[in-house]
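Residue numbers (the working numbering): 1055 to 1151. Glycine is no exception: its CB is placed at the ideal position from the N, C-alpha and C atoms. A quick note: this is a predicted structure, and the numbers were derived from the prediction, not measured.
Here it is, written out as C-alpha cells:
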C-alpha cells in the first residue's frame, strides 16, 4: 500500500494523541470527503455551464431574485441567537430559579 507523510502542527498532534485517534483512518475519511466535495462542485459547475449554454446568462434581475431567495433560506436555517438572552419580540428571557 502506498504511503503518504502528513505533518501536523504541535497543538493538533497533541490533540490527536490525547484523544487516541487513529490518525491514518481519520485522514483517509477526511481526504475521501474532500475528494467527494470537489467532485460535487465540478458536477455542479458542469451542470450550470450546460444550463447557461441552453438558456443564456442570467439577467441582473434574475441574479437579484436568486440572491434574495438564498438569503431567505439562510435566514430560516440560521439558529436563533441564544447568546443575547432576548426573545423574538425583543424582550429579555427570564432566568429560571
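field: Run of the alpha helix (DSSP H) containing residue 1067, from where it starts to where it stops
entry: Taken as a continuous stretch (DSSP letters only), the alpha helix (DSSP H) holding residue 1067 covers 1064-1072.
field: residue 1095 in three-state terms, based on DSSP
entry: Judged by DSSP in its simplified three-state form, residue 1095 adopts helix.
- prompt: Distance, Cα to Cα, residue 1063 vs residue 1120?
  reply: When only Cα atoms are considered, residue 1063 and residue 1120 end up about 41 Å apart.
field: Three-state secondary structure (DSSP) of residue 1132
entry: In the three-state reduction of the DSSP assignment, residue 1132 falls in the coil class, being assigned neither a helical nor a strand state.
query: Between the C-alpha atoms of residue 1086 and residue 1096, what's the straight-line distance to the nearest angstrom?
result: Rounded to the nearest whole angstrom, the C-alpha separation of residue 1086 and residue 1096 is 15 Å.
message: According to DSSP, is residue 1082 part of a helix, a strand, or is it coil?
response: Secondary structure of residue 1082 (DSSP, three-state): helix.
- prompt: Does DSSP put residue 1061 in a helix, a strand or coil?
  reply: Looking at residue 1061 - three-state DSSP - the assignment turns out to be coil, as it is neither helix nor strand.
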